[in-house]
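The numbers in the working numbering rise by one with no breaks, and the one at position 257 of the sequence shown is 262.
Using N, Cα and C, we set each Cβ at its ideal position, and we do this for glycine too.
Have a look at the structure below, then the notes.
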Amino acid sequence: MPISRYSTAGFVASRGSSEVRVHPPGKEKSRRLAEKLVRILAPGRGGSLYIRSELPTGKGCASSSADMVATARAVQRALGTPISRAALARAMSSIEPSDGVMYPGIVSFYHREGVLRRSLGGLPPLTIVGLDEGGRVDTVEFNERARAVGRARLAEYEDLLVGMERAVASGDLRSLGEISTRSAVLNQERLPKENLGLMLEMRRAYGALGVVVAHSGTHLGLLFDSRSGRPRDLSTVAAELARHGPNVCVHQVPDLRTTSAFLQPLA
């Protein structure tokens with residue numbers, strides 16, 4: 006589910022060297038992607054990649070995926086050669102399991118294989134009032150952990166996914182909140198959140214749609230319908246969360262049914 010925070014990238018192609026340099030230097034995944042794409046689209050060339058991101062790293066907010074999609078768009082523009090979303094998704098997944106942010110709107114996506122399952126559409130505007138529990142999660146290491154999942158649990162996850170697809174298609178925010186809350190509870194089996202109990206209590210107290218968590222990150226929060234949420238109420242929620250940790254965040258999910266912010270073309 007996209008939020009209104011972004012990564013921006015610029016790419017300057019050069020001749021005489023196939024090396025790709027990235028600024029800041031820590032954006033190694035994006036550098037590797039740019040190098041891979043340039044090798045395919047313009048063999049023998051290199052360049053300089055510049056990235057600016059509003060997303061925190063290692064928190065489960067898809068910062069690396071956003072960086073890499075921005076990188077692909079910058080390389081595409083610099084070289085004048087189109088890159089399909091499907092090809093980009095596969096290239097990104099060869100570097101690390103990635104979110105499907107190369108596709109517009111809300112999607113279900115096989116993050117290890119880099120394959121779109123289904124485009125779900127958009128929802129009315131939403132607000133997430135969240136808490137970062139601290140630390141970082143390494144996406145690659147996290148997805149390499151072996152775990153056994155029983156048939157009953159797999160069936161429940163499948164039911165949740167099908168229910169989510171229906172909820173998004175119909176704009177059913179109440180069902181969406183119930184599904185996200187159940188998913189958050191199930192995720193305790195794999196990556197427990199210390200403050201999940203607090204969030205479940207606050208959901209009831211403040212009438213939130215549901216609880217949401219970064220399934221491979223450190224964030225969790227309460228989901229509100231932006232159309233009915235009152236700023237004073239959200240400020241009270243944020244103030245209460247601040248008593249349990251200093252890293253309170255508010256994310257906006259724009260109205261994906263009308264916005265063009267996520268429709269910037271890839272081939």
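Between the Cα of residue i and those of the options, spot the shortest distance and give me the residue it belongs to.
i	options	result
residue 29	103, 153, 55 and 97	55
residue 199	52, 246 and 100	246
residue 178	58, 109, 230 and 13	230
residue 108	169, 99 and 88	88
residue 201	135, 115, 176 and 46	135
residue 183	194, 205, 262 and 8	205
residue 84	166, 42 and 174	42
residue 7	67, 78 and 147	67
residue 191	137, 114, 219 and 39	219
residue 262	255, 173 and 148	173
residue 215	152, 166 and 133	133
Report the rounded CA-to-CA distance for residue i versus residue j, giving the unit in angstroms.
i	j	result
residue 19	residue 188	47 Å
residue 130	residue 232	7 Å
residue 211	residue 242	8 Å
residue 240	residue 227	13 Å
residue 244	residue 221	26 Å
residue 249	residue 224	13 Å
residue 96	residue 193	30 Å
residue 79	residue 14	6 Å
residue 217	residue 208	11 Å
residue 45	residue 12	23 Å
Does residue i come out as helix, strand or coil in the three-state DSSP assignment?
i	result
residue 233	coil
residue 13	strand
residue 211	helix
residue 68	helix
residue 99	coil
residue 45	helix
residue 117	coil
residue 137	strand
residue 38	helix
Does any residue of chain C have a CB that is nearer than 8 Å to the CB of residue i?
i	result
residue 185	Structure shown: chain C not included; a single protein chain is present.
So residue i and residue j are supposed to be a Cβ contact under 8 Å. How far apart are they, rounded?
i	j	result
residue 106	residue 125	Contact doesn't hold; Cβ gap of about 14 Å is too wide.
What runs of the alpha helix (DSSP H), each 4 residues or longer, lie entirely inside the region 163–228?
178–191 and 201–211
Extract the residue ranges of the alpha helix (DSSP H) inside the region 71–95, only unbroken runs of 4 or more that lie entirely within it.
none
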